[in-house]
Structures are given as structure tokens and as C-alpha cells.
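Trainee: Counting along the sequence shown from 1, when you hit position 99 you're at 99 in my numbering, and nothing is skipped either side.
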Amino acid sequence: MTSSLRFSWFSRWNYLSFRRLIIALFLIAVNALAFPLPSSAQGKQELIGVISGGITGTYARFAAQMASVIDSEAIRVLPMLGKGSQQNIRDLMQINGIDIAIVQSDVLDFYKNTQEIPNIQDSIRYIGKLYNEEVHIVTRAGVETIKELEGALVGVGPAGSGTEMTALTLFEALGISVVPVNASNQEALDQVKEGALTATVFVAGKPTPLIEAISAEDGLILLPIELGKSVQGAYFSTRFTHDDYPDLVDEAQSLDTVAVGAVLAVFNWRQGTPRYQAVSEFCADLLSALEILKTGGAYHPKWQEVDLTVNVPGWQRFGGMEELLAN
Numbered sequence: 001m002t003s004s005l006r007f008s009w010f011s012r013w014n015y016l017s018f019r020r021l022i023i024a025l026f027l028i029a030v031n032a033l034a035f036p037l038p039s040s041a042q043g044k045q046e047l048i049g050v051i052s053g054g055i056t057g058t059y060a061r062f063a064a065q066m067a068s069v070i071d072s073e074a075i076r077v078l079p080m081l082g083k084g085s086q087q088n089i090r091d092l093m094q095i096n097g098i099d100i101a102i103v104q105s106d107v108l109d110f111y112k113n114t115q116e117i118p119n120i121q122d123s124i125r126y127i128g129k130l131y132n133e134e135v136h137i138v139t140r141a142g143v144e145t146i147k148e149l150e151g152a153l154v155g156v157g158p159a160g161s162g163t164e165m166t167a168l169t170l171f172e173a174l175g176i177s178v179v180p181v182n183a184s185n186q187e188a189l190d191q192v193k194e195g196a197l198t199a200t201v202f203v204a205g206k207p208t209p210l211i212e213a214i215s216a217e218d219g220l221i222l223l224p225i226e227l228g229k230s231v232q233g234a235y236f237s238t239r240f241t242h243d244d245y246p247d248l249v250d251e252a253q254s255l256d257t258v259a260v261g262a263v264l265a266v267f268n269w270r271q272g273t274p275r276y277q278a279v280s281e282f283c284a285d286l287l288s289a290l291e292i293l294k295t296g297g298a299y300h301p302k303w304q305e306v307d308l309t310v311n312v313p314g315w316q317r318f319g320g321m322e323e324l325l326a327n
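Now the structure itself:
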């Protein structure tokens with residue numbers, strides 16, 4: 001009797017559950033016919049994670065502006081703040097969801113020399129060069145040449161940042177021995193104002209808000225840098241003008257400095273894989289979006305420099321981008 005009762009209740013429960021399931025499926029089907037999903041929701045929209053730099057840098061603004069114009073049915077760009085070129089490469093290699101990293105073009109040589117990431121040249125490719133990043137050395141009025149920084153306390157950006165990498169490489173190439181101090185760009189600038197540091201280095205595309213915020217009352221100047229024969233490879237000569245920084249460069253003058261290229265780095269996905277296809281879609285959308293990004297206004301003036309067809313010495317181009325450029 002007990003077994004029959006249990007079976008009866010079990011059967012009834014199964015019957016009711018099955019009936020509810022049929023009704024639920026029927027209602028879902030009716031709802032789908034009456035209120036079809038928009039086309040963008042019917043297909044799978046791939047997320048492309050782009051890691052950039054600190055909140056005050058040009059990298060972050062570029063990533064955010066790419067995300068604002070690249071949002072198709074196929075892909076959507078997800079911008080992320082990063083900690084500079086060295087860490088961005090590590091994150092690109094190790095963290096799921098990061099497809100593209102904005103880095104300085106000298107970072108590949110850095111890792112080749114340190115061997116921290118074995119055979120990195122086989123794992124990393126580039127989509128294209130974005131723009132030039134200028135080296136800003138901010139010091140107190142009274143310091144006239146970079147040679148005067150010999151033995152001085154100099155801010156070189158956060159540990160592992162692209163600024164640290166470039167600053168130490170440049171000082172070594174110029175034969176200038178400084179005492180490097182790791183600090184955020186804003187912290188280092190404040191310490192220069194207070195006299196705790198003699199100077200600080202900041203590598204970013206001009207004009208950058210941190211340097212634009214310096215006023216004549218701060219008693220700070222930009223230090224000129226001349227590109228000698230000892231500084232080769234990824235670096236080249238350029239200048240700051242009055243238009244770049246009105247409070248730091250006189251109207252009739254310019255200031256020599258050096259620059260390094262910023263590139264879009266990507267993991268070397270095997271052709272035919274889903275991530276290879278997704279990144280290739282990003283490349284196509286970026287090429288199409290350049291016309292909008294170069295219109296100025298809300299977009300960073302550095303977009304005017306972008307030429308994705310330029311070859312970057314020492315780097316190999318991502319296959320999907322290579323195909324687009326060939327066609």
C-alpha cells in the first residue's frame with residue numbers, strides 16, 4: 001500500500017511538472033513571435049578586451065575612444081586601465097579576456113633582452129602603429145641640461161611601466177647615472193614641486209593633461225633632450241611647441257625631445273580560431289572607424305598621426321590585419 005501511494009504521488013508530480021514545462025515553452029514561443037529580439041541580440045557579439053594605461057595617459061583615452069566608435073553586431077570593445085607597457089604584455093600573455101594591449105614599441109626589445117618571456121617574438125604580433133609618445137622630463141627652473149641630473153633623484157613612473165622602461169634605457173644610453181624613484185606620475189610631479197625629487201619622466205602622447213596642468217606659478221620647466229648616436233633603435237627626434245604646452249614653451253621657440261611609437265599588440269592567435277576571427281573583425285572595424293576618429297573635436301589630436309599601414313621595425317604584423325591591408 002505504501003509503495004502504491006508513493007508511486008501515485010510520484011506520477012502525479014511528474015505529470016504536473018511536465019504540464020507546466022509544456023505551458024512555459026508555449027508561452028516563450030508566443031512571446032518570441034510577438035516580440036522578436038533586435039538583430040544585435042540574435043547573434044553573439046564578441047567582446048574585444050583592450051588594456052591601456054593609467055587614467056591620465058593617452059592610452060586610456062585612445063582605448064575609450066575606440067570603444068565609443070567600434071560597436072557593431074559582431075564585436076564590442078571593452079577598454080581596461082593598465083599599468084604600462086611591461087605589465088600590459090604580461091597581462092596579454094596571461095589573462096583571459098585581454099585580446100589587445102597598447103604598448104610602446106621598445107617593449108619587445110626589452111623582453112628579448114631580459115628573456116623574462118622566452119621566444120616572445122613568436123607569441124606577440126602587432127596590428128598597427130598608433131602615434132608617437134613623447135618623453136617629457138619635468139624639473140625645477142634653474143636646471144638647464146639633462147646632464148645636470150647626474151646622481152639626482154628622478155621619478156621614473158610606477159615599477160614595470162613603460163615610462164620606467166624608456167627612462168632607464170635613455171639615461172643609460174646617454175651615460176647619465178640617476179637614482180630612479182618609482183612613483184605614480186602625479187605623485188612624482190608633486191615631489192618635484194616640493195623639492196623631494198629633482199626631476200620626473202613621463203612618456204605620453206602630447207598634449208597630455210598632466211603636463212598641461214602645470215602653470216607658470218609652479219616654477220617647473222620641460223627639459224630638452226637631444227637624440228645622440230647612443231640613442232638608437234625605437235627612438236627618434238621630435239619637438240614640443242607653444243601649441244603643445246603654452247605655459248611651458250615660448251611662442252617663438254620649440255623644445256627638442258625624443259619619442260617612441262605606441263602600437264596595438266595582440267597575441268599571435270592561430271589562423272582559423274575564434275579569437276583570430278574576432279580580432280580580425282576588430283581590425284576591419286578600426287580601419288573603417290579611422291575616418292571618424294580623425295575628425296578631431298571630442299577625439300584626441302594624436303589620432304591625426306595614426307597610419308596603420310606603417311611598418312614597425314622589429315615587430316611582425318598580425319595575420320588578419322596583414323590580409324586586410326593586402327586586399
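All C-beta atoms, glycine included, are put in the ideal place defined by N, C-alpha and C. Just so you know, these numbers come straight off a predicted model, no measurement behind them.
1. Suppose you measure from the CA of residue 113 to the CA of residue 317; what does that come to, to the nearest Å?
2. What's the C-alpha gap between residue 36 and residue 281?
3. Is it buried or exposed for residue 61, if we count other Cβ within 10 angstroms and need 16 for buried?
4. Would you kindly work out how many angstroms separate the C-alpha atoms of residue 47 and residue 97, rounded to a whole number?
5. Contact between the stretch 177-186 and the stretch 131-148: three or more CB pairs below 8 angstroms?
6. Determine the burial state of residue 119: buried for a count of at least 16 other Cβ atoms within 10 Å of its Cβ, exposed for fewer.
7. Looking at the secondary structure, which residues open and close the beta strand (DSSP E) in which residue 351 lies?
8. Is it true that the stretch 256-264 meets the stretch 218-227, where meeting means three or more beta-carbon pairs spaced less than 8 angstroms apart?
9. Using only alpha-carbon positions, find the residue among 320, 170 and 292 that is nearest to residue 265.
10. With three or more beta-carbon pairs closer than 8 angstroms as the criterion, would you say the stretch 64-73 touches the stretch 288-305?
11. Looking at C-beta atoms only, is the number of pairs between the stretch 274-288 and the stretch 143-161 that lie closer than 8 angstroms three or more?
12. Does the beta-carbon of residue 32 have 16 or more other beta-carbons within 10 angstroms, so that it is buried, or is it exposed?
13. Spell out the partners DSSP gives residue 155 in its beta bridges.
14. Three-state secondary structure (DSSP) at residue 97?
15. Among all the DSSP beta bridges, which residues are the ones paired with residue 140?
16. Using the beta-carbon count (16 or more within 10 Å), is residue 95 buried or exposed?
17. How many Å lie between residue 40 and residue 246 at the Cα?
18. Please tell me whether residue 315 and residue 105 are closer than 9 angstroms, where the distance is taken between their beta carbons.
19. To which residues of the same chain is residue 324 closer than 8 angstroms at the C-beta, ignoring the five residues directly before and after it?
20. Have a look at residue 146 and residue 199 and give me their C-alpha separation to the nearest angstrom.
21. For residue 44, count neighbouring Cβ atoms within 10 angstroms of its own Cβ and tell me buried if that reaches 16, exposed if not.
22. Run the CB neighbour count on residue 55, radius 10 Å, all protein chains shown included, and call it buried at 16 or more, exposed below.
23. Between 301, 75 and 326, which has its C-alpha nearest residue 309's C-alpha?
24. Taking 9 angstroms as the cut-off, decide whether the C-beta atoms of residue 205 and residue 58 are in contact.
25. With C-beta atoms as the reference, is residue 159 less than 9 angstroms away from residue 182?
26. Under a three-way DSSP split, which group does residue 127 fall into?
27. Could you tell me the alpha carbon to alpha carbon distance between residue 218 and residue 276, rounded to whole angstroms?
28. Since residue 260 is in the beta strand (DSSP E), which residue starts that stretch and which ends it?
Mentor: Let me spell this out:
1. Here the question's residue 113 lines up with position 113 in the sequence shown. Here the question's residue 317 lines up with position 317 in the sequence shown. Going from the Cα of residue 113 to the Cα of residue 317 covers about 21 angstroms.
2. For this step, residue 36 is matched to residue 36 along the sequence shown. For this step, residue 281 is matched to residue 281 along the sequence shown. With a pLDDT of 42 at residue 36, under the threshold of 50, the modelled position of this residue cannot be trusted, and the question is left open.
3. As a working mapping, residue 61 is identified with position 61 in the sequence shown. Buried, by the Cβ-count rule.
4. Working through the sequence shown from its first residue, we reach residue 47 at position 47. Working through the sequence shown from its first residue, we reach residue 97 at position 97. Going by the C-alpha atoms only, they are around 8 angstroms apart.
5. no
6. Taking the sequence shown and counting its residues from 1, the one referred to as residue 119 is at position 119. So residue 119 counts as exposed.
7. Residue 351 is absent from the model: the chain starts at 1 and stops at 327.
8. Between the stretch 256-264 and the stretch 218-227 there are three or more C-beta pairs closer than 8 angstroms, enough to call the two in contact.
9. Counting from 1 along the sequence shown, the entry for residue 265 is found at position 265. Minimum Cα distance to residue 265 is reached at 320.
10. yes
11. Flag = no, the stretch 274-288 and the stretch 143-161 do not touch.
12. Start at 1 with the first residue of the sequence shown, and residue 32 comes out as number 32. Its pLDDT being 41, under 50, residue 32 is placed unreliably by the model, and nothing is read from it.
13. Position 155 of the sequence shown, counted from the start, is the residue given in the question as residue 155. Bridge partners of residue 155: 181 and 200.
14. Residue numbering aside, residue 97 sits at position 97 when the sequence shown is read from its first letter. If DSSP states are grouped into helix, strand and coil, residue 97 belongs with coil.
15. For the purposes of this step, residue 140 is taken as residue 140 along the sequence shown, with counting starting at 1. 220.
16. On the sequence shown, residue 95 is found 95 positions in, with the first residue counted as 1. Flag for residue 95 reads exposed.
17. Counted from its first residue, the sequence shown places residue 40 at position 40. Counted from its first residue, the sequence shown places residue 246 at position 246. Only weak support is given to the placement of residue 40: the predicted model assigns it a pLDDT of 39, under 50, and the value that follows is read from those uncertain coordinates. Rounded to the nearest angstrom, the two C-alpha atoms are 46 angstroms apart.
18. Here residue 315 corresponds to residue number 315 of the sequence shown, with the count starting at 1. Here residue 105 corresponds to residue number 105 of the sequence shown, with the count starting at 1. Yes; because the gap between Cβ atoms is below 9 angstroms, this pair is in contact.
19. Taking the first residue of the sequence shown as 1, we reach residue 324 at position 324. Here the set comprises 280, 283, 284 and 287.
20. As a working mapping, residue 146 is identified with position 146 in the sequence shown. As a working mapping, residue 199 is identified with position 199 in the sequence shown. So the two alpha carbons sit approximately 10 angstroms from each other.
21. On the sequence shown, residue 44 is found 44 positions in, with the first residue counted as 1. By the neighbour-count rule (16 or more Cβ atoms within 10 Å), residue 44 is not buried but exposed.
22. Taking the sequence shown and counting its residues from 1, one reaches residue 55 at position 55. Exposed: under 16 other Cβ atoms inside 10 Å.
23. Position 309 of the sequence shown holds residue 309. Nearest C-alpha to residue 309: 326.
24. Numbered from its first residue, the sequence shown carries residue 205 at position 205. Numbered from its first residue, the sequence shown carries residue 58 at position 58. Closer than 9 angstroms, so yes.
25. For this step, residue 159 is matched to residue 159 along the sequence shown. For this step, residue 182 is matched to residue 182 along the sequence shown. Closer than 9 angstroms, so yes.
26. On the sequence shown, residue 127 is found 127 positions in, with the first residue counted as 1. If DSSP states are grouped into helix, strand and coil, residue 127 belongs with the strands.
27. In the sequence shown, residue 218 corresponds to position 218, counting from 1. In the sequence shown, residue 276 corresponds to position 276, counting from 1. In a straight line, the C-alpha of residue 218 is about 49 angstroms away from that of residue 276.
28. As a working note, residue 260 is residue 260 in the sequence shown. Here the beta strand (DSSP E) through residue 260 covers 254-267.
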